[in-house]
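4 protein chains.
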Amino acid sequence: MRTFFCSFVVRFADTDAFGIVYYPNIFRYFDHAVETLLRASPYDYIGNLRATGAGFPALEAGGAFSAPIFAGDEVTIETDVEDVRTRAFRVRHRIVRDGQVLATGYEVRIHARKPPGASAIEGLPLPGDLRDYLTTDDIALG
Amino acid sequence: MRTFFCSFVVRFADTDAFGIVYYPNIFRYFDHAVETLLRASPYDYIGNLRATGAGFPALEAGGAFSAPIFAGDEVTIETDVEDVRTRAFRVRHRIVRDGQVLATGYEVRIHARKPPGASAIEGLPLPGDLRDYLTTDDIALG
Amino acid sequence: MRTFFCSFVVRFADTDAFGIVYYPNIFRYFDHAVETLLRASPYDYIGNLRATGAGFPALEAGGAFSAPIFAGDEVTIETDVEDVRTRAFRVRHRIVRDGQVLATGYEVRIHARKPPGASAIEGLPLPGDLRDYLTTDDIALG
Amino acid sequence: MRTFFCSFVVRFADTDAFGIVYYPNIFRYFDHAVETLLRASPYDYIGNLRATGAGFPALEAGGAFSAPIFAGDEVTIETDVEDVRTRAFRVRHRIVRDGQVLATGYEVRIHARKPPGASAIEGLPLPGDLRDYLTTDDIALG
Numbered sequence: 010m011r012t013f014f015c016s017f018v019v020r021f022a023d024t025d026a027f028g029i030v031y032y033p034n035i036f037r038y039f040d041h042a043v044e045t046l047l048r049a050s051p052y053d054y055i056g057n058l059r060a061t062g063a064g065f066p067a068l069e070a071g072g073a074f075s076a077p078i079f080a081g082d083e084v085t086i087e088t089d090v091e092d093v094r095t096r097a098f099r100v101r102h103r104i105v106r107d108g109q110v111l112a113t114g115y116e117v118r119i120h121a122r123k124p125p126g127a128s129a130i131e132g133l134p135l136p137g138d139l140r141d142y143l144t145t146d147d148i149a150l151g
Numbered sequence: 010m011r012t013f014f015c016s017f018v019v020r021f022a023d024t025d026a027f028g029i030v031y032y033p034n035i036f037r038y039f040d041h042a043v044e045t046l047l048r049a050s051p052y053d054y055i056g057n058l059r060a061t062g063a064g065f066p067a068l069e070a071g072g073a074f075s076a077p078i079f080a081g082d083e084v085t086i087e088t089d090v091e092d093v094r095t096r097a098f099r100v101r102h103r104i105v106r107d108g109q110v111l112a113t114g115y116e117v118r119i120h121a122r123k124p125p126g127a128s129a130i131e132g133l134p135l136p137g138d139l140r141d142y143l144t145t146d147d148i149a150l151g
Numbered sequence: 010m011r012t013f014f015c016s017f018v019v020r021f022a023d024t025d026a027f028g029i030v031y032y033p034n035i036f037r038y039f040d041h042a043v044e045t046l047l048r049a050s051p052y053d054y055i056g057n058l059r060a061t062g063a064g065f066p067a068l069e070a071g072g073a074f075s076a077p078i079f080a081g082d083e084v085t086i087e088t089d090v091e092d093v094r095t096r097a098f099r100v101r102h103r104i105v106r107d108g109q110v111l112a113t114g115y116e117v118r119i120h121a122r123k124p125p126g127a128s129a130i131e132g133l134p135l136p137g138d139l140r141d142y143l144t145t146d147d148i149a150l151g
Numbered sequence: 010m011r012t013f014f015c016s017f018v019v020r021f022a023d024t025d026a027f028g029i030v031y032y033p034n035i036f037r038y039f040d041h042a043v044e045t046l047l048r049a050s051p052y053d054y055i056g057n058l059r060a061t062g063a064g065f066p067a068l069e070a071g072g073a074f075s076a077p078i079f080a081g082d083e084v085t086i087e088t089d090v091e092d093v094r095t096r097a098f099r100v101r102h103r104i105v106r107d108g109q110v111l112a113t114g115y116e117v118r119i120h121a122r123k124p125p126g127a128s129a130i131e132g133l134p135l136p137g138d139l140r141d142y143l144t145t146d147d148i149a150l151g
C-alpha cells in the first residue's frame, strides 16, 4: 500500500485564542494530505471534479491530538493507505514535527458525486488508475 | 449524566463545491455544541477564558457522516455526556434533521491552559460547578 | 431602504492566537448578516439555491476594524441596504457591542448562478420579491 | 518598495456550494501572502509571535472579485507594499491565474500586541529590519 508524505508550514490563520491550532483544522490538514495525494496520482482528480462533480467526501474520520501545534511549525503528514474497497478507501495519518508525533488520525473516503438537486450522494467505483496508485507498495512526496 | 440540545441553521459558508457541508466543519458543529453547553452551565467559561486563558481543548474526536448536510438545513445536535474524569470529559453527539440522523461523533475535552510562551498545555482539575452540571441526570436546551 | 439587525454570540472557533477574531472571519459575519436577511425576505433563497444553484456571490467587500472582537462577545450587525441595481445590491454593515462600533464594512452582491462545468458565473436580474424587500423603508430583525 | 510573489494551489476546502472560492477565504489568501512575506523578511516574525505575542492584525481590508476561483487553480498573489508608516503598513494584492487577474485588494496592517487579559491591542513601532525589507525596491518570491 502507498505511503505519502506532505509537508507544510502551519499558518497563523489556523490557530485559536488558546494559541494553538483549532482542532477541526487538524481535519483540514488530513483533508489537505488526501487532496495532495489525489493530485499526485495519475487519476485526474481536478479534471473530474470540474467535469462531472465527482469527488471523495469522508464517511468517517477520527483524530487524537497529543501535543499542541503552533503557527510557524514545519510539519509533515505521513499518510498510509490502509484499506482499499470497491468504492472507498481508508487512510491513516500522523502529523510530525522534528520527529515528534503531534497528532494521529484516520479517514474513510468514498468516491461519489452529488447530482445537482439530489439530496443524497451516489457512490461510484474507484477509478482503476487511482486504485493502482493507492495499492502500490511505494512512497511518494506531495 | 447531562443531555444537551443545540439547534441552528446550517450556513452556506460551511458548504464546499460538492454542495454539502465540508466534513471538518462538522467538527466545528461538535465544538459549537460543547461551547454552548459550557455557556449554559453555571461555570463562567467566558470569564475564565479571558481572565486566565483556561479552556477545553480536545484530546480526541471522531465522527461518522451518514447523510449529506445542506445549507439551510435546520439541525439539532443532541449531546450526551458519557464520562467525567478528574480533568477531562467525554461527550457523544448526534446531528439530526427532521428525525433523521445525519452524523454522529464524540469528543474528549480536557480542562487546560497554555501559559504564554509555553510549548505544552497544562491540565487542570474540572471546576466543581461544571462537574456537577455535566454529571446531573437532566436535559437542557442551548 | 431596508435596515436589518442580526445578533449572535462570537465563537471561540473564530478567534486566532492573537486572542481576537481573525479578520477574514469578520467577512464571514458580514456574509452571515446577508444570508440571514435573505432568509428573512419573502424570496425563497434556500429553495432556489437548491433547485437552480442561484445565489448571491460578492463582487466587492471591504472592512475597517476599529476594536478587537472576543469570544463570548454578544454582538449585533446592523445592515443598511444602500443601493439596489438590476442584478446587484450594496449593503453597509456595522458590528456593535454594547453601543460600541467594533467594525464597519460593505459588500456588493450579485444575483448569479454558475452552470455546472462553466468557468464563469452568469448574472441574473434580482427577483422582484427580494427587490421589494430590500428597497422598503423598514426595519427587520434576523 | 518591495514586491512579493506567493504561489499556491487552491484547495477544495476553500470552495462553497457555488463551486467557487468563498469570498472571505480570499482574505485568507491575502493574509497568507502577508504572512509569507513576513516569514521571508529578516524580521523574526514567528519567534516574536511566540515570545511576546506581537503580530500584525489588520486595521482595514478590501477586495474586488472579478472572476471565480476554482479548486485546483494554480494562482500567484502579487503583493506590492504601498505605504510604510511608524506602526503600520499598507499592501495591495492581485491574485492571478495564467495572466488573468481574478481578484484585487488591499490590507492595512499594524504592528501590535495584545497583553493577556487586555481588551485593547497596543500599537508598536515597526521593527527596523522589517521596515527596511518593506521599503526596499526589490522583488522576492515566497
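Chains as they are written, first to last, in the working numbering: chain A, 10 to 151; chain B, 10 to 151; chain C, 10 to 151; chain D, 10 to 151.
Using N, Cα and C, we set each Cβ at its ideal position, and we do this for glycine too.
Residue-chain proximity (residue i, chain B), Cβ-Cβ < 8 Å
{"i": "D:Thr126", "result": "Note on residue identity: the sequence assigns Gly, not Thr, to residue 126 of chain D. Yes, its Cβ sits closer than 8 Å to a Cβ of chain B."}
{"i": "D:Ala49", "result": "no"}
{"i": "C:Phe17", "result": "no"}
{"i": "C:Arg37", "result": "yes"}
{"i": "D:Gly151", "result": "no"}
{"i": "A:Pro77", "result": "yes"}
Neighbour-count burial assignment, residue i, 16 or more Cβ in a 10 Å radius
{"i": "D:Thr95", "result": "exposed"}
{"i": "D:Val18", "result": "exposed"}
{"i": "A:Thr61", "result": "exposed"}
{"i": "C:Asp107", "result": "exposed"}
{"i": "D:Ala127", "result": "exposed"}
{"i": "D:Asp25", "result": "buried"}
{"i": "D:Asp147", "result": "exposed"}
Min CB distance residue i to chain C below 8 Å
{"i": "A:Phe74", "result": "no"}
{"i": "D:Ala112", "result": "no"}
{"i": "D:Ala129", "result": "yes"}
{"i": "D:Ile29", "result": "yes"}
Any non-hydrogen atom of the ligand HEM within 7 Å of residue i CB
{"i": "C:Pro134", "result": "Annotation note on the ligand HEM: not contained in the displayed structure, which lists no ligands."}
Continuous beta strand (DSSP E) stretch holding residue i: start and end
{"i": "C:Phe169", "result": "Lying outside 10 to 151, the shown extent of chain C, residue 169 of chain C is not represented and no answer is given."}
{"i": "A:Leu150", "result": "148-150"}
{"i": "A:Thr12", "result": "12-18"}
6 Å Cβ shell around residue i - same chain, five flanking residues per side excluded
{"i": "C:Arg103", "result": "Glu87, Val110, Thr113"}
{"i": "D:Thr145", "result": "Arg11"}
{"i": "A:Ser50", "result": "Leu139, Tyr142"}
{"i": "B:Glu116", "result": "Phe39, Ala67, Ala70, Val100"}
{"i": "A:Val105", "result": "Thr85"}
{"i": "C:Glu91", "result": "Arg99, Arg101"}
{"i": "C:Ala80", "result": "Val19, Phe21, Thr24"}
Alpha helix (DSSP H) segment containing residue i, residue limits
{"i": "B:Thr61", "result": "54-61"}
Any C-beta of chain D under 8 Å from that of residue i
{"i": "B:Ala26", "result": "yes"}
{"i": "A:Leu58", "result": "yes"}
{"i": "A:Phe21", "result": "yes"}
{"i": "A:Arg106", "result": "no"}
{"i": "B:Tyr54", "result": "no"}
{"i": "B:Gly62", "result": "yes"}
CB contact check: residue i to chain A, cutoff 8 Å
{"i": "D:Ala80", "result": "yes"}
{"i": "B:Asp40", "result": "yes"}
{"i": "B:Glu44", "result": "no"}
{"i": "B:Leu68", "result": "yes"}
{"i": "B:Pro33", "result": "yes"}
{"i": "B:Gly71", "result": "yes"}
Close-in-space but distant-in-sequence residues of the same chain around residue i (CB under 7 Å, 5 per side omitted)
{"i": "A:Pro77", "result": "Ile29"}
{"i": "A:Phe74", "result": "Tyr32, Ile35, Ala112"}
{"i": "C:Leu133", "result": "Ala63, Arg96, His120, Ala121, Arg122"}
Own chain, CB closer than 8 Å to residue i, minus 5 neighbours either side, in chain order
{"i": "A:Tyr52", "result": "Pro136, Asp138, Leu139, Tyr142"}
{"i": "C:Arg48", "result": "Tyr54, Ile55, Gly151"}
{"i": "A:Glu131", "result": "Ala121, Arg122, Lys123, Pro124"}
{"i": "D:Glu44", "result": "Tyr54"}
Chain G contact for residue i (CB, 8 Å cutoff)
{"i": "D:Asp147", "result": "Among the protein chains in the structure shown, which are A, B, C and D, there is no chain G."}
Handout entry: Entirely enclosed beta strand (DSSP E) segments - the segment 59-140 of chain D, minimum 3 residues
Key = 67-74, 83-93, 97-106, 109-119
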